[in-house]
Each structure stands twice: as structure tokens, then as C-alpha cells.
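These protein sequence lines are chains V and G, in that order. Remember, this note's numbering sits 15 above the position in the first sequence when you count from 1. Remember, this note's numbering sits 85 above the position in the second sequence when you count from 1. Single-structure report; data block below.
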Amino acid sequence: MLALADRLDDVNRAVGRIVQWSALAMVLLQFALVVLRYVFGLSYIFWNEAVLYLHAALFMLGAGYTFLVDAHVRVDIFYSRATPKRKAAIDCLGHVLFLTPALVLLLVYSWPSVRRSWSILEGPISVGGIPASFLLKSLIPAFCILLLIQGLARLMRDILRLRASDP
Amino acid sequence: MTLPFDLLMFAALIGAILLGYPVAFSIAGVAALFALAGWAAGAFDIGLMGALGQRVFGLLTNDVLIAIPLFVFMGVVLEKSRIAEDLLETMGRLFGRMRGGLGVSVILVGALLAASTGIVGATVVAMGMIALPTMLRNGYDPRLASGTVCTSGTLGQIIPPSTLLIILSDVMSNAYQQAQFAEGKFTIETISVGQIFAAALLPGLLLVAIYIAYGLIRAWLRPGDAPAMHESVVAPTRAEILQAVLPPILLIVAVLGAILGGIASPSEAASVGAVGAILMAGHRQGVAPALILAGAGALLLLALAAGLAPVRLQRSDAGLLEWTQGAAYAGLLAIGSIAIAAAVRQVFTAGMLMPALTGTMTITAMIFATILTASMFSLVFVGFGGEDRIAEILGLMPGGATGALIFSMALIFVLGFFLDFVEITVILLPLLAPALILMGHDPLWLAVLIAINLQTSFLTPPFGFSLFYLRGAAPPEITTGQIYAGVAPYIGLQVVGIALVGLIPWFATGLADWLY
Numbered sequence: 016m017l018a019l020a021d022r023l024d025d026v027n028r029a030v031g032r033i034v035q036w037s038a039l040a041m042v043l044l045q046f047a048l049v050v051l052r053y054v055f056g057l058s059y060i061f062w063n064e065a066v067l068y069l070h071a072a073l074f075m076l077g078a079g080y081t082f083l084v085d086a087h088v089r090v091d092i093f094y095s096r097a098t099p100k101r102k103a104a105i106d107c108l109g110h111v112l113f114l115t116p117a118l119v120l121l122l123v124y125s126w127p128s129v130r131r132s133w134s135i136l137e138g139p140i141s142v143g144g145i146p147a148s149f150l151l152k153s154l155i156p157a158f159c160i161l162l163l164i165q166g167l168a169r170l171m172r173d174i175l176r177l178r179a180s181d182p
Numbered sequence: 086m087t088l089p090f091d092l093l094m095f096a097a098l099i100g101a102i103l104l105g106y107p108v109a110f111s112i113a114g115v116a117a118l119f120a121l122a123g124w125a126a127g128a129f130d131i132g133l134m135g136a137l138g139q140r141v142f143g144l145l146t147n148d149v150l151i152a153i154p155l156f157v158f159m160g161v162v163l164e165k166s167r168i169a170e171d172l173l174e175t176m177g178r179l180f181g182r183m184r185g186g187l188g189v190s191v192i193l194v195g196a197l198l199a200a201s202t203g204i205v206g207a208t209v210v211a212m213g214m215i216a217l218p219t220m221l222r223n224g225y226d227p228r229l230a231s232g233t234v235c236t237s238g239t240l241g242q243i244i245p246p247s248t249l250l251i252i253l254s255d256v257m258s259n260a261y262q263q264a265q266f267a268e269g270k271f272t273i274e275t276i277s278v279g280q281i282f283a284a285a286l287l288p289g290l291l292l293v294a295i296y297i298a299y300g301l302i303r304a305w306l307r308p309g310d311a312p313a314m315h316e317s318v319v320a321p322t323r324a325e326i327l328q329a330v331l332p333p334i335l336l337i338v339a340v341l342g343a344i345l346g347g348i349a350s351p352s353e354a355a356s357v358g359a360v361g362a363i364l365m366a367g368h369r370q371g372v373a374p375a376l377i378l379a380g381a382g383a384l385l386l387l388a389l390a391a392g393l394a395p396v397r398l399q400r401s402d403a404g405l406l407e408w409t410q411g412a413a414y415a416g417l418l419a420i421g422s423i424a425i426a427a428a429v430r431q432v433f434t435a436g437m438l439m440p441a442l443t444g445t446m447t448i449t450a451m452i453f454a455t456i457l458t459a460s461m462f463s464l465v466f467v468g469f470g471g472e473d474r475i476a477e478i479l480g481l482m483p484g485g486a487t488g489a490l491i492f493s494m495a496l497i498f499v500l501g502f503f504l505d506f507v508e509i510t511v512i513l514l515p516l517l518a519p520a521l522i523l524m525g526h527d528p529l530w531l532a533v534l535i536a537i538n539l540q541t542s543f544l545t546p547p548f549g550f551s552l553f554y555l556r557g558a559a560p561p562e563i564t565t566g567q568i569y570a571g572v573a574p575y576i577g578l579q580v581v582g583i584a585l586v587g588l589i590p591w592f593a594t595g596l597a598d599w600l601y
């Protein structure tokens, strides 16, 4: 079970390692667009939308990695004082009762609009933009699946922690 | 009679968040469970969930929020390049020999970092590790010292540019439009990030002045609490002061000036700030100063060119003159780009780029996950008729519009003890704000009052971020009790600040009206 959890962790680690570069890319691209617009009077809707795509990819695809390194904020008034076992129990409850139903619901109810978008290969958001809105919409199921994968990995580790004999 | 699902849902939300599971997913989980339960009980139309896809897509394409990762990147890079340390050290030596002076220098550095990085955690940790030991060594009252560090660190939320203000402007703008729709207006006005920044600037500086006044009065009344430094220190030379203070001030003036002047959009200005931060970090990590200076100089010239003599290459009548001018600007751009590339490379070699990128991604993902799940929550909550219930409760408050405002502010203040500003802003405000605006409150003024209130939530135990960060960074002889006792007077000062802005709305609306 631990080996499987490791494999699942690898998914988000790999995705995170690539996606974090879009932070730098969006800074440099946006800066270049500022110079082109204000100094040279050139503006490109296509590249403006590229910044938007990088921005959306950063947080939608980065959410799983953020969960991997436990950087989604917790209100830990009680949690920080709990024993490791109790923490594992709270997390198990959260994975099963909160995370999974919410993401499955989001996945199921956003699916029709994503599928429709793919079936017509939906064009740009505004005229002259990137003709691939369907890719942007696909970030929604990707977000759900990456988080569900990480939730499963965490659930397995938490179950192991619960089963372990008290130290 | 069905169950009051909306009220139960709100109670369940608070309970779920207090469990300690990541907040974003607790919010989403409560929304999902109530949607299913309400559907089973026939009190909720599950078909409403079909709007989810469109809602999330709206979040993905919201270009106001693009400024958030850019500002986060700028802040993280400045944090990793240890600019806070330089500032504190120089300012401490500048003011330290005055009674209460160390405290003043901490507040001023807090304000500077607030405007440049805006990251509460980083500011509090840096000041807790550097300024706090110095203050203690020189005989400061530990409570006063830790309270000052904690509070100054939170200025990042109220002094623009700040993430809180960007999210707040989005929420308030929607609320304002909703209120105008309800009034039956046909020409709908909106609120821009620039307006909110302009509105928050003076109140932010007012708070800085209040803190400084408090520090000086306390040092005067009880000299033992905040003595002058008895360690012998060399006063910084003018060159040292310039070197520590000038770059961040230039950066702030450039970024804020462009936004407040209405020249650039927040995300455009943020990208300029982020590139400036890269250059500063590159300089700090040992890129040849001449190269950084040449690059920064070339980019400054370009900025001047943009203002005075931009070329318009896209015009069909662009002739030889335009193309020559354009070529000259391209040369400047090349110099700037080389300096930027050198800085990025140096920051990468120094091992700071990867942590900065990872930090930007996780902070951004955390914020947006909360916004995304909060929109799920509000979809379900509104589906249960929760919105009408809130308007009804506000209408029942004695004292009319003022009573409703005071009730709302008290509610935000109390929730601030448990919740974080993002949750309050994206869950509670969309429900409260339209009703308050409909009662006749000015949306900008309201936004600033709420912003100061939310800033206070960083200071209120048990769940004040600032307190946590200081607990982690403070020397072990400081007890948690001392930190709590130290922030107590500052929480009082926050209430004074809210009251002042509340009674004299000019603080919030003066600059915004003048600019827009």
C-alpha cells in the first residue's frame, strides 16, 4: 500500500515540477507584453490569453502538488494539539467525507460543458485569442483528478498510520 | 416545514473548518453533502449544480485575479533575497538611539515591506528573527516588542498592493453591480482594483501613524518599556540608507504609481514589479552591479519613452522615422533583457529560483482552491434561499443601515478569530455586501472598513496567522501569553482605526474621488 501511495505521490510531484515554471513564464511574458504595448504600441490578444492560460494552469494543476506538500491552509486550533493518530483519523474523515464527494460532484456536473467544448473544439474566449477554450475547460476535470489521486495517496498513508500500534 | 438548511449549512461549515482538515476541501465537502442531503429532502434543486462548470470557468478567465500570482511571485522573490534583513538593520541603526526608536523602525520597515512584498508571514518571521532579539537585548518590554512586530507585519494586507485588496475588489464590484440591479438601474457602475487601492492607501498610512504615535507615547510615559539602544551602533551613512531603502521605494512607486495613475492594469504593473524584484535579487546574489544598473537604467529609459515618445508600429502609416525610433528602443530592450536573464540565471544558481517558483505555485493554488470551493458553497447556500435569510437578518437589526453595518462588522470581527481572510471575503461578503450597499453605504468606504477589520483577524487569537508566524520565529524566552498580551493594545488601535475611517469617510474616499 505504501508503494502504491508513493507512485501516486509521484504523479503530482512530476506535474508540480513542470507546472511551477509557468509562474516564471507568466511573469516574463506579461512583462514583455507590457513593453510591447506601452513602448512599441503593439498588442496581441493571443499572447494576452497565453498569460491567462499559464495563470489558470498554475493554480488548477498546482493544487494537487500543494496538497502533496500539505500547503492547503488548515485551521489548526485543535488539529495542532491532536495526537498523530487523531490527526490521521481527522484526515481520513476529511478525505472520505469532504474531498471525494465534493470533487466527484464537481467532476460530474462540469463534465457536460467540458465534453461539449471538446466536441466542437470551442474557439477563443475573445476574437483573436487562443482557439483552444476546450483546453482551458479541461483544467477543471484535471484539477479534480489530480486532487482525487493525492487524496487517495493520503488516505492510504493515514490508514497505515491509524493501524500502526501506538508508539 | 422543512429544515432551515441554510442555517445548518453555515453551522456545519464552521464546525468542519475547526476540525482542521484543509479549509478549501472542508468548504467544498460541506457544500457537496448539503447539496445531496437537500436534494434527498426535496429542498434543493440539484440541477443548479449544472452552473458549476460555468462558475469555475468564470474563475479561470477572471483577468483581475491574474495579478495575484504575479504579486505573490514578486513578494516571494523579495523575501528569498533577504531584502527585509537589510532594511531592518539599516533602519534600526538609524532610529535606534532614540527612545522608542527601535519600535518605530520596525513599524516603518513593516510598512515598506507591506507595500513591496505584502506577505504577512515573511514579514513577521523576518522581523521576529532580527528585530525582536535586538529589541529584547536593549531592554524592550517583551510584550510591547512582540505586539509591535506582529502588528506591523499585518500592514501587508491593508497597504496596497495586496492580495486581500485584489480579492476584495472583485467581490465588492460584484456586490455593487448586484445592488444596482436590485435598484433597477440600467447603467451599471463597477469598482476597479485601482479604486480599492486608492481607497485603502490613506487608511493604511493612518494606521502606521497610529502605531507610531502609540509607540512614542508609550515610550514617553513608561521609558522602561521602550528604551533607546544602549548597544553602541554606528549610524548608517547616507549611501547605506540609500542602498537599502531606495530600491524597494522605487519599486513601490513604479508599481503603485502605474496602477493608481490608471496607466497600467494591476497585472501589468505586477509583472513590472516582479521583474524589478528579480533584478534586485540578482544584484543581491552577485550579478555584476554594472550590468544590473545598465539593465535597470535601460528599462527606466524605456518607461520614459513609453510616456513621452512611444512608437506605434501597428499603425499602417508607420514610416522610416518610427522604425528607426523602434530600433533604438529595441536596443534598450536588449540591454534590459540581458540584465534580466543574468539575474534569473544567478538567482537560479544560488538555489533561490526553484523555492520561489514552488512557493508562488503553492500559495496561489491554496488561495484559488479556496475561492473555487467557496463558489461551490455559495451556489448551494443561495439555492437554499440563504441570501434572503441574510438580508432579512440585516434588516431586523435595530438602528437601520448603521445598525446593520455595525452588526456586519462585529460578525466579521468575531469570525476573524476562527477564519482566515480569504474564507470570510469569498463566502461571507458576497452575502452581506449587496444588502449593505442597498442600504446606502458607499461601496469603497465599506471595502476599506472591511479590509481593516480583516487585517485585524491576523492578530486575534487563537487563529491569527501573524501570531503563529511570530510564535515560530520568536526566541523561546517569549511566551505565547506575552505575544497575546502584546497584540491586545494593537487590536484596540485597530478598532480606533476602523472608528476613525468610519466617522470620517474622507480617509477612504478622498484619494479615490480625486483620482477617478
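A virtual CB, placed ideally from N, CA and C, is assigned to each residue, including glycine. As the structure is a computational prediction, the values presented were derived from the model and not from experiment.
Problem set entry | Proximity winner among G/V318, G/G135, G/L253, G/T275, relative to G/M183 (alpha-carbon distances) | G/V318
Exercise. Is the stretch 560-579 of chain G touching the stretch 519-532 of chain G in the sense that three or more CB pairs, one from each, lie closer than 8 angstroms?
Worked result: no
Problem set entry | Residue-level contact to chain V via CB, G/M86, 8 angstroms cutoff | A caution first: G/M86 carries a pLDDT of 43, below 50, which makes its placement in the model too unreliable to give a value.
Exercise. Which residues mark the beginning and the end of the alpha helix (DSSP H) in which G/I363 is found?
Worked result: 351-369
Exercise. Three-state secondary structure (DSSP) at G/M524?
Worked result: coil
For this session: Give the interface partners of G/T447 over in chain V, defined as CB-CB distance under 8 angstroms, in chain order.
Result: G77, Y80, T81, V84, A86
For this session: Determine the closest residue to G/Q399 out of G/W408, G/G392, G/A450, with distance taken between C-alpha atoms.
Result: G/W408
For this session: May I have the straight-line CA-CA distance separating G/M176 from G/L331, to the nearest angstrom?
Result: 12 angstroms
For this session: Specify the secondary structure class of G/M86 as computed by DSSP and reduced to three states.
Result: Note that G/M86 scores a pLDDT of 43, beneath 50, so its modelled location is shaky; the value from the coordinates is reported in the next line. In the three-state scheme derived from DSSP, where H, G and I count as helix and E and B as strand, G/M86 is classed as coil.
For this session: Return the first residue and the last residue of the alpha helix (DSSP H) that G/S401 is part of.
Result: Careful: G/S401 lies outside any alpha helix (DSSP H) and carries neither H nor E.
Exercise. Would you call the stretch 386-401 of chain G and the stretch 462-475 of chain G touching, i.e. three or more CB-CB distances under 8 angstroms?
Worked result: no
For this session: Determine whether the Cβ of G/R397 lies closer than 8 angstroms to any Cβ atom of chain V.
Result: yes
Exercise. Out of G/L514, G/T487, G/G488, G/I589, which has the shortest C-alpha to C-alpha gap to G/L500?
Worked result: G/L514
Exercise. With DSSP run on the structure shown, which of helix, strand or coil describes G/I602?
Worked result: Only positions 86 to 601 of chain G appear in the structure, and residue 602 of chain G is not among them; the question remains open.
Problem set entry | Test item: CB-CB of G/A200 and G/I244 under 8 angstroms | yes
Exercise. Under the three-state reduction of DSSP, which class applies to G/V586: helix, strand or coil?
Worked result: helix
For this session: Spell out whether any CB of chain G is found under 8 angstroms from the CB atom of V/A29.
Result: no
For this session: Write down the C-beta distance between G/F129 and G/G468 rounded to the nearest angstrom, noting that I regard them as a contact closer than 8 angstroms.
Result: 5 angstroms
For this session: Can you grab the Cα-Cα spacing for the pair V/W126 / G/A136, in whole Å?
Result: Whole-angstrom Cα-Cα distance: 11 angstroms.
Exercise. Just how far apart, CA to CA, sit V/L73 and G/E325?
Worked result: 39 angstroms
Exercise. Where does G/L544 sit, in a helix, a strand or coil, going by DSSP?
Worked result: coil
Exercise. Taking Cβ-Cβ distances shorter than 8 angstroms, what residues in chain G pair up with V/R89?
Worked result: Going along chain G in sequence order, the residues near V/R89 (Cβ under 8 angstroms) are G105, Y106, P107, V108.
For this session: Grab the span of the alpha helix (DSSP H) containing G/S231 for me, first residue to last.
Result: 227-238
Problem set entry | V/R32 (DSSP reduced to helix, strand or coil) | helix
Exercise. Alpha carbon to alpha carbon, how far is G/M86 from G/G127?
Worked result: With a pLDDT of only 43 at G/M86, under the threshold of 50, the placement of this residue in the model should not be trusted, and no figure is reported.
Exercise. In or out: G/F142 buried (at least 16 other Cβ within 10 Å) or exposed?
Worked result: With 16 or more other Cβ atoms within 10 Å, it is buried.
Exercise. How would you list, in chain order, the residues of chain G whose beta-carbon sits under 8 angstroms from the beta-carbon of V/D173?
Worked result: In chain order: nothing, as chain G lies at least about 11 angstroms away.
For this session: Please confirm whether G/F271 and V/A117 have their CB atoms less than 8 angstroms apart.
Result: no
For this session: Compile a chain-ordered list of the residues in the stretch 540-562 of chain G whose CB is closer than 7 angstroms to at least one CB of chain V.
Result: P547, F548
Problem set entry | Listed by chain order, chain G residues near V/F46 by CB distance under 9 angstroms | E353, S356, V357, A359, V360, I425
Problem set entry | Distance, G/L155 Cα to G/I682 Cα | Nothing can be reported for residue 682 of chain G: it is not among the residues displayed for chain G, which extend from 86 to 601.
For this session: Consult DSSP for V/I164 and reduce its assignment to one of helix, strand or coil.
Result: helix
Problem set entry | V/A104 versus G/D505 - alpha carbon distance | 24 angstroms
For this session: Report yes if the CB atom of V/A38 is closer than 8 angstroms to the CB atom of G/T445, and no otherwise.
Result: yes
Exercise. Does the beta-carbon distance from G/G380 to G/I334 come in below 8 angstroms?
Worked result: no
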